[in-house]
Structures are given as structure tokens and as C-alpha cells.
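Residue numbers (our numbering): -7 to 232. Beta carbons are placed, not taken as given, at the ideal position from N, Cα and C, and that holds for glycine. Structure, as C-alpha cells:
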């Protein structure tokens, strides 16, 4: 039966044309009877630093949070993932969660009984924890700082650690996922993710410039700064 469900999920992924990022979020928040892996959550956290991938990731999470009944695992796993992203992902995750906090608050009353067990309890507990975190700026700042500090402490060990067979093992953290050769696991995600705050801002400027194009006639002076950033970014790509 689990194998059949996996095949069905793959067919749905193809039929609905889900992106690679969306497939990963669907996988980690599936109805499979095991929890999300830290390695995959770390990879998804990396995705949130790229504008396009951020939207793809969050769209699936909010959709999963609207599930109910027998799909309670979709809801619970999405909140576990969201908790990780709030602490380890882009600041945009925090901002969007605060804007949509009502979608999390409503889950404080989530109910589902399955095989005489209150499966809604974990959902309600997690919803309360997330709301408490999102409404306490000091605690939120502290939690994010703690994750960053932990990452710095263990990144060297995880990236350059030696496995039992004497080879250098792969490492993952709140930051980038590294393979055994020290390179990025998924070039698509690593290429899309900005390597600095300046590059992240540049991506934002490019997105703004592109969005201006679809809003009808605008003054050239209004969009010139955005297109200047786009030109700079393209020049940097060509010189790589």
C-alpha cells in the first residue's frame, strides 16, 4: 500500500506540473507515518532565500495547512517544517507567517479522532507553539540567533567530518547543503540562492523591475533603478 501511495503521488506531481521545490515540500509533508528529516528541511530552508523558490515552497505549505480529517499528517508536518523555516529560513518566511498568522491560529482548534486516538492534539499543540513564537519578537530573534550560532559551531564538523570508511562525508546545516566533494547538492537551488544580502537585494530589485513591466505605462525614471540593477546582475553572470 505505501508503494502504491508513492506511485500515486509521483503521478500527481507530474500531472499537476509541480516544480522540484514543490515536490520536495509535498514529500516532506506527506501522509507517510514518519516525520520530516532534518536534511530535507535544511535543503528547503535554503530554497526560501531565493525569491521564486520561496513562493513555490510557501504555496504548498499554506495549501497543506488547509487540509483536515484523515490528512492530519499534512497539517502537522507542515507546521513542523514551518517551525524550522521560521528559525532557519529567510526573513521572508517570518514576515509572511506574521501576515497569515490567522491561518495558524485557527489550527488551535483542530480536531481529528483516528482509531480512538486524538490525532488533533499534536496539531493543536504545535499551532499554539508557533503562534507564541511569532507574537514574541524577542524570543523569535533569540531562536533565530541560536540556530545561526549552532550552524557556525557544527558546520566545519559536518562539512569536513570523516566517515567510518575514511572518506569525507556530506554535511548539511541551516545553510547550504554540501556533497562529499564540498560542492552543492542541487545546482538549481544553489544557483538561485543569493550568496549575500547584496545579491538578495539585487534579486528583489529585479523582481520589482519585472513586476513593473506588467502594470501598464510607467515613467522611465520610476523603473530606471530596477533595470540598472538587472543590467548589473546580468553583467556579473556573464563575467563568471
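Item	Value
Endpoints, the alpha helix (DSSP H) within which residue 46 is located	43 to 57
Bridge-paired residues (DSSP) for residue 110	105
Given 8 Å, three or more beta-carbon pairs between the region 61 to 81 and the region 16 to 35	yes
Whole-angstrom distance between residue 98 and residue 45, CA atom to CA atom	26 Å
Span separating the alpha-carbon of residue 102 from that of residue 116	6 Å
Proximity of residue 14 and residue 48 at Cβ, strictly below 7 Å	yes
Assigned secondary structure, residue 9 (DSSP; H/G/I helix, E/B strand, else coil)	coil
Beta carbon of residue 56 nearer than 7 Å to that of residue 21	yes
Integer-rounded CB distance, given that residue 40 should sit under 8 Å from residue 85	5 Å
DSSP three-state assignment for residue 22, whether helix, strand or coil	coil
For residue 38, the first and last residue of its enclosing alpha helix (DSSP H)	30 to 39
Residue 142 in three-state terms, based on DSSP	helix
Residue range of the unbroken alpha helix (DSSP H) whose run includes residue 66	64 to 80
Boundaries of the alpha helix (DSSP H) in which residue 96 is found, first to last residue	93 to 97
Option nearest residue 118 by Cα separation, candidates 129, 127, 131 and 100	100
Residue 28 versus residue 125: straight-line alpha-carbon distance, rounded	20 Å
Cutoff 7 Å; reference residue 95; Cβ partners in own chain excluding five residues on either side	54 and 57
Length of the line joining the Cα atoms of residue 108 and residue 83	40 Å
Contact under 7 Å by Cβ, residue 65 with residue 120	no
Given residue 69 as reference, the closest of 17, 135, 141 and 132 once Cα atoms are compared	17
Length of the line joining the Cα atoms of residue 132 and residue 122	10 Å
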